[in-house]
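To start, the structure under review is shown below, and the notes come after it.
Number of protein chains: 2
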Amino acid sequence: MGLRPSPESLRSLFWPRSVAVLGASNDPSRIGGRPIRYLKEGGFRGPIWPINVKGGTIQGLPAFKTIDELPEAPECLIVAVPAAAVCDAVEAAARRGTRAAVIFSAGFAEADDQGRIWQDRLVAIAAETGCRVVGPNCLGLFNSRHGYAPTFTASLDHGYPKAGAVGMVSQSGAYGSHLFVLTRDRNIGMSCWLTTGNESDVDVADTIAYFADDPDTKVIAAYVEGIKDRDRFLGALERARAAKKPVVMMKVGRSAVGAAAAVSHTASLAGSDVVYDAALKQLGVHRAETTEEMLDVVYAATRGIFPETNRLGIVTISGGAGVLMADAAERHGLDVAPMPDAAQARLKAILPFAAVRNPVDTTAQFFNDMSLVTEFTRTLLGDGGYGAIAAFVTAIPRNRETGGRLKDALAKATADFPGRLLVLCMLATSEMTREYEAAGYLCFEDPSRAVMAIAALSRFGRSFARGAGSPPPALPAGAKPIPAGAALGEAEAKALLATAGVPVAAEKLARTSDEAATAAASLGYPVVLKVASPDILHKTEIGGVRLDLADAAAVRTAFAEIVAQARKERPTARLDGCLVAPMIKGGAETILGVIHDAAFGPVVMFGLGGIFAEVLKDVTFRIAPFGLDEARAMIREVKGFPLLDGARSRPKLDQEALATALAALSVYAAANAGRFRSIDVNPFIVLERGAVAVDALIETT
Amino acid sequence: MGLRPSPESLRSLFWPRSVAVLGASNDPSRIGGRPIRYLKEGGFRGPIWPINVKGGTIQGLPAFKTIDELPEAPECLIVAVPAAAVCDAVEAAARRGTRAAVIFSAGFAEADDQGRIWQDRLVAIAAETGCRVVGPNCLGLFNSRHGYAPTFTASLDHGYPKAGAVGMVSQSGAYGSHLFVLTRDRNIGMSCWLTTGNESDVDVADTIAYFADDPDTKVIAAYVEGIKDRDRFLGALERARAAKKPVVMMKVGRSAVGAAAAVSHTASLAGSDVVYDAALKQLGVHRAETTEEMLDVVYAATRGIFPETNRLGIVTISGGAGVLMADAAERHGLDVAPMPDAAQARLKAILPFAAVRNPVDTTAQFFNDMSLVTEFTRTLLGDGGYGAIAAFVTAIPRNRETGGRLKDALAKATADFPGRLLVLCMLATSEMTREYEAAGYLCFEDPSRAVMAIAALSRFGRSFARGAGSPPPALPAGAKPIPAGAALGEAEAKALLATAGVPVAAEKLARTSDEAATAAASLGYPVVLKVASPDILHKTEIGGVRLDLADAAAVRTAFAEIVAQARKERPTARLDGCLVAPMIKGGAETILGVIHDAAFGPVVMFGLGGIFAEVLKDVTFRIAPFGLDEARAMIREVKGFPLLDGARSRPKLDQEALATALAALSVYAAANAGRFRSIDVNPFIVLERGAVAVDALIETT
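Line order of the protein sequences matches chains A and B.
Just so you know, the working numbering puts 348 at position 345 of the first sequence, and the rest follows in order with no gaps.
Just so you know, the working numbering puts 291 at position 288 of the second sequence, and the rest follows in order with no gaps.
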């Protein structure tokens with residue numbers, strides 16, 4: 004595909020000086036008529052050139068019969084003609100100087116083989132000319148900052164976007180419109196909105212990268228069904244994080260039925276859902292399960308405050324609501340830490356019956372004395388060390404008189420703490436809510452949703468502070484590449500991993516039972532014997548492993564039995580003899596693995612051995628490569644973690660050795676992408692000091 | 004407390020023929036003024052008697068100076084005077100004939116010792132006179148069916164309740180008001196609303212039971228912080244289920260901080276949260292995590308359709324939304340089962356590019372031809388066997404013209420399927436939404452919330468169909484009661500459980516090593532030896548267990564060692580010798596346990612042994628007693644279930660024997676409530692045929 008154009012190249016898409024609509028219609032409700040209507044109604048200041056074979060006047064504008072008749076190449080071309088006519092038109096315009104094309108037309112890769120051929124041609128045109136192509140089969144876009152809305156979504160019938168901080172991109176046109184309407188209904192301003200359709204050229208990653216650079220866009224929202232280019236996708240998310248712009252993403256297709264439907268709906272490679280989870284977690288993206296969650300987090304993020312602590316202070320006029328919010332805080336990982344004793348004593352002195360620990364409860368006494376809200380809130384802000392304060396004030400703001408007094412009381416509390424996050428759980432008219440928002444507060448009706456949003460802001464804050472975390476370690480100088488196409492035995496797999504920095508158990512290859520006994524003596528008893536053959540991948544299944552052999556006699560017998568067993572079960576397998584290794588006792592069995600994901604390439608898995616991984620699916624994933632910070636996070640997030648950390652009177656095991664091995668494996672896997680289908684280090688035994696791979700398997704490509 | 008009055012006794016609370024307000028105020032914004040104002044504004048038809056020591060006229064009504072001056076006893080008395088004056092007034096009225104009293108006044112058990120004494124007196128007055136007492140420290144109630152709203156919540160300032168199907172009860176006044184406002188804002192009608200305050204007499208259970216009997220109440224919503232009487236609480240929920248009335252409950256105090264705050268806020272015994280989970284699950288209650296979830300389910304339940312299948316059909320005009328809804332369905336336990344082949348073929352014939360499996364996708368073609376929605380929806384309804392259909396139609400209904408056409412298209416599809424559930428995911432004005440609702444559809448903006456609500460309706464449907472499930476088995480005739488106060492050894496504990504129908508391993512008590520060897524020979528080798536002492540509860544900790552003893556010599560040695568060890572570690576313990584039992588191999592270790600919960604009494608726990616219970620907390624609970632159906636459900640719902648069901652080439656184990664033991668244990672525990680603190684059957688080994696308790700511990704009270 005050659006070098007990708009920079010995000011800056013999307014400027015012609017969002018800020019063109021001139022625009023032409025190919026297939027323009029005089030009927031403002033038709034696909035070729037709506038963009039002209041919206042451009043006019045939005046007050047777009049550049050020339051708008053309708054193109055229609057019939058010429059004449061279209062929605063009051065003089066129409067051109069062909070692109071060639073235009074006075075000059077439009078910076079952006081909107082295309083609403085049948086699929087068969089699209090490629091020639093886009094190529095002609097691009098060669099004349101058009102820098103962006105938005106193709107509404109359907110009938111491309113989503114339809115049939117002919118459509119796929121046409122779409123490939125669009126890809127080529129974009130690559131050759133540098134003209135950025137959106138769609139085909141898309142619903143268009145808007146840039147609310149200059150009344151530019153070349154789209155045929157009917158959603159603009161009910162109201163124009165309000166300019167603001169949110170950049171939104173959607174792979175689904177219809178759902179993108181749904182999201183736009185909900186966003187507008189919540190009075191959230193937007194900078195840009197784009198639907199990417201079939202993504203022949205411009206895709207979600209390009210758009211996120213553009214939003215990361217766009218100074219007016221402060222919050223990025225994306226609806227995603229699948230991605231095609233891991234590096235650009237991850238790069239765009241990293242660019243957004245570096246710019247401290249939160250990304251809120253719905254990635255659908257989580258369920259089996261959903262993923263099947265997603266594939267039939269787009270041409271994207273969906274990737275395994277757990278891998279998306281891993282990638283988004285690594286990049287600090289908030290993955291929203293529901294549309295409402297997405298908009299709640301987007302709304303909260305527009306406030307632009309991202310606390311770096313997860314400590315939450317709660318002030319309430321109802322004990323019940325305080326309990327409910329503390330529950331929600333625990334669910335979402337926020338810490339309802341108690342107030343310092345001195346601050347508690349001060350509040351007790353003001354109101355003896357009040358709860359003052361956190362949640363702090365002014366009780367109904369608040370209705371008689373609103374200064375309580377000032378005192379309690381100010382104390383939480385000043386003394387609690389909280390990243391955010393949530394205040395439950397129910398319908399007080401609904402009444403203009405009490406609502407005004409409450410606003411004054413809060414203003415007194417917050418005056419000395421600019422830039423601190425105060426979130427109100429309140430019921431009010433939309434006018435009064437606007438007034439509270441203008442005063443700097445976030446407003447939610449449902450206290451649980453308020454707490455969820457605060458938790459998301461705090462995760463963003465910590466992700467921005469952390470950045471990419473510790474970098475992946477360097478690949479060891481002596482690391483040997485995986486020989487693609489070769490069948491690798493256990494010994495070879497372990498030897499390769501050892502060069503990569505993954506510690507492996509000492510072992511010797513024995514071709515005879517005498518050699519086995521000699522090797523065992525030098526390694527020290529007890530030992531393990533395992534069949535050595537590049538053609539036998541699953542040794543246990545054929546009885547090719549003997550454990551805990553205590554002396555030379557046992558070793559000789561085991562050698563003979565293993566070889567006989569292997570000859571019987573796999574008569575055609577090459578047989579090198581047996582591997583002799585020390586029997587490792589104690590510690591905990593873990594599994595380190597790497598899969599090659601269709602969307603994301605090498606993905607590292609970690610889990611505890613046995614039932615944890617296989618029955619409980621208690622495993623976690625990260626996109627390779629990664630550094631020690633991510634490796635440590637992986638270890639801590641499996642449910643079986645207590646077994647590594649001293650649970651049930653066990654010794655505390657060497658988690659740092661494990662983390663080091665995980666990071667090393669991730670770097671090796673990334674360096675060898677394409678050469679293997681999977682890597683299994685199972686078991687990888689974590690000891691009190693150190694850790695060691697006892698078996699390993701590399702399936703090469 | 005004597006016999007509790009029946010739910011019918013609350014009729015005087017909700018439907019009094021006359022009402023007096025003690026502490027009445029001429030100021031309609033004050034606590035004693037608001038109820039009079041609301042009663043007048045609501046159009047309450049019975050006499051309203053203000054009582055105020057000053058007499059005169061109050062809000063246009065002639066006032067009385069004392070209760071004695073009233074022409075007759077009011078059927079309901081509203082009390083808004085200081086705490087010290089409350090008891091005498093309520094007693095005087097009750098003795099004269101008042102049948103219900105609602106006490107707004109604070110300063111009772113929530114405040115101090117004096118308040119607690121007054122509250123106890125209210126309890127006694129209610130018990131002696133049969134007058135039902137609400138509060139103290141409550142916000143009152145309303146019954147929207149006869150304009151009866153004796154409450155001082157300010158929420159009625161912004162609008163009266165609309166009469167309808169929802170009965171709501173809240174232990175929190177402020178949060179109850181918050182819930183009422185949100186319910187009214189969503190245009191959901193309510194029959195009654197009650198805040199119970201300190202619950203001196205009328206509590207949440209009474210109110211739920213009343214709603215279960217009230218013909219106009221179809222859906223019950225409750226906000227709960229804690230309960231005091233398990234039997235009435237469970238009885239009320241069972242009464243609601245028998246009446247096929249869904250109960251939606253927020254039970255707050257889930258988190259540690261939240262539970263602590265709940266206790267400081269009410270005087271309730273909060274109970275362990277997992278036990279509430281268990282109880283609510285058993286009774287088919289929907290436990291809502293958030294306020295919004297509560298109202299979504301309440302709203303959906305007002306439609307009155309509760310499918311008995313979890314199969315969901317999805318029709319969409321956007322592939323993306325279909326994927327999103329399929330994801331949500333999986334998350335909430337709905338089955339997006341495919342359409343029958345013939346039906347798929349029929350839809351393909353109508354629209355070749357459509358997805359027709361389920362979700363079915365009309366594609367944007369729908370905009371040109373709305374009959375597609377008719378055909379697709381009708382086919383889902385007629386051929387899919389779905390319990391509910393969810394349709395994504397985004398902003399189509401927002402436009403009056405397209406909205407009207409869509410409504411007609413849907414009416415054609417649903418005409419032949421009355422009583423079937425069709426849920427629309429749509430954006431519209433509230434007027435248009437009302438029209439769609441009047442046509443019989445549920446309307447949601449967020450498709451994920453729509454799917455969540457459908458899942459709740461389907462769980463209600465299955466719970467109503469199932470009812471209480473199989474009844475608890477009878478207590479065996481020979482079951483011996485737990486001797487409260489006695490210290491029980493392992494052998495005695497197992498002997499008791501054996502009489503209860505819990506299978507226990509054969510074992511013999513040996514007082515000497517010779518007896519041990521003889522016992523072992525008769526039981527068959529290998530055997531296990533365990534120290535036998537009523538004073539040593541945790542045998543393993545003192546080295547009091549020896550496993551897998553293969554012959555008489557090993558048994559004699561082990562006997563001597565165990566006895567010596569016990570003498571050394573627990574010199575004062577009574578020592579009976581050793582228990583000899585067959586060594587049981589194979590099968591899976593499970594744990595059956597019973598705790599005595601402060602709120603719910605005996606609660607049975609089930610989990611797999613070892614790390615599952617202790618590290619992973621993979622356990623489940625049920626309120627005792629229960630039958631085989633619940634026992635089977637417990638077994639299937641732990642994450643480790645595959646280990647009992649043949650995972651990883653294991654044999655399939657005897658789940659029915661396990662279920663039988665769980666149900667028997669639950670019945671025994673219920674029959675012995677109060678006699679024990681805990682019962683532990685650990686391990687309870689489930690074999691391929693049968694199951695057996697190997698160790699047991701009963702801590703008596």
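Here a beta-carbon is modelled for each residue, glycine too, at the ideal position from N, C-alpha and C.
{"query": "Alpha helix (DSSP H) segments (min. 4 residues) lying fully within the stretch 290 to 314 of chain B", "result": "294 to 304"}
{"query": "Nearest to F687(B) (by Cα), restricted to the options A636(B), I614(B), L73(B), L595(B)", "result": "L595(B)"}
{"query": "Selection from N675(A), E440(A), D600(A), P310(A) that minimises the alpha carbon distance to S275(A)", "result": "D600(A)"}
{"query": "Classification of P38(A) by the beta-carbon crowding that lies within 10 angstroms, buried from 16 upward", "result": "buried"}
{"query": "A329(A) to D554(B) span [Cα, whole Å]", "result": "60 Å"}
{"query": "Span separating the alpha-carbon of G693(B) from that of A471(B)", "result": "27 Å"}
{"query": "Under 8 Å by beta carbon: chain A residues contacting L661(B)", "result": "Neighbours of L661(B) on chain A: none; closest Cβ ~18 Å, over 8 Å."}
{"query": "Members of the stretch 437 to 463 of chain A near chain B, C-beta cut-off 8 Å", "result": "E448, D449, P450, S451, R452"}
{"query": "6 Å Cβ shell around S173(B) - same chain, five flanking residues per side excluded", "result": "G179, T198, Y226"}
{"query": "I34(A) versus A636(A): straight-line alpha-carbon distance, rounded", "result": "50 Å"}
{"query": "Three-state secondary structure (DSSP) of K511(B)", "result": "strand"}
{"query": "Neighbourhood of A508(A) by C-beta, 7 Å cutoff - its chain only, sequence neighbours within 5 removed", "result": "A584, P585, I587, V695, A696, V697"}
{"query": "Assigned secondary structure, H268(A) (DSSP; H/G/I helix, E/B strand, else coil)", "result": "Caution is warranted here: a pLDDT of 46 is assigned to H268(A), below 50, making its placement in the model unreliable, and no coordinate value can be reported."}
{"query": "Interface residues of the stretch 395 to 414 of chain B facing chain A [CB-CB below 9 Å]", "result": "F395, T397, A398, I399, R401, N402, T405"}
{"query": "Between the CA atoms of K57(B) and A281(B) - distance to the nearest angstrom", "result": "54 Å"}
{"query": "Rounded Cβ spacing between R639(B) and E633(B) (contact assumed at less than 8 Å)", "result": "Between E633(B) and R639(B) the Cβ distance is about 11 Å, and since that is not below 8 Å, they are no contact."}
{"query": "Bridge partners - G677(B), DSSP secondary structure assignment", "result": "None; G677(B) has no bridge partner."}
{"query": "With 16 other Cβ atoms within 10 Å as the buried cut-off, status of Y279(A)", "result": "buried"}
{"query": "Proximity test, Cβ basis, 8 Å: H181(A) and chain B", "result": "yes"}
{"query": "Buried or exposed by the 16-neighbour rule on C-beta atoms within 10 Å, applied to P628(B)", "result": "buried"}
{"query": "Helix, strand or coil at V689(A) according to DSSP, with G and I counted as helix", "result": "strand"}
{"query": "is_contact[A78(B), chain A] using C-beta, thresh 8 Å", "result": "This sequence places Glu at residue 78(B); Ala is not what is there. With 8 Å as the cut-off, E78(B) does not count as an interface residue toward chain A."}
{"query": "Per-residue DSSP class, three states only, for A273(B)", "result": "Any reading at A273(B) must be qualified, since the residue scores a pLDDT of 43, below 50, and its modelled position is unreliable; the value itself is stated next. Coil."}
{"query": "DSSP three-state assignment for R573(B), whether helix, strand or coil", "result": "coil"}
{"query": "DSSP bridge partner residues for G390(B) (one or two, in chain order)", "result": "In the DSSP output, where bridge partners are listed per residue, G390(B) has none listed."}
{"query": "Span separating the alpha-carbon of D219(A) from that of G604(B)", "result": "60 Å"}
{"query": "Helix, strand or coil at L425(B) according to DSSP, with G and I counted as helix", "result": "strand"}
{"query": "Contact with chain A by K642(B), beta-carbon distance below 8 Å", "result": "yes"}
{"query": "Chain A contact for T210(B) (CB, 8 Å cutoff)", "result": "no"}
{"query": "Range covered by the beta strand (DSSP E) that runs through Y226(B)", "result": "222 to 227"}
{"query": "Distance between beta carbons of L700(A) and L2(A), contact taken as under 8 Å", "result": "This structure cannot speak to residue 2(A), because chain A is shown only from 4 to 704."}
{"query": "Three-state class that DSSP yields for L16(A) in the structure shown", "result": "helix"}
{"query": "Closest Cα partner of V84(A) within the set S203(A), L25(A), L125(A)", "result": "L25(A)"}
{"query": "Start-to-end residues for the alpha helix (DSSP H) that takes in A707(A)", "result": "No answer is possible for residue 707(A): the residues shown for chain A start at 4 and end at 704."}
{"query": "Proximity winner among T380(B), T186(B), S28(B), L409(B), relative to L315(B) (alpha-carbon distances)", "result": "T380(B)"}
{"query": "Cβ-Cβ separation, I320(A) to F395(A) (assumed contact under 8 Å), whole Å", "result": "6 Å"}
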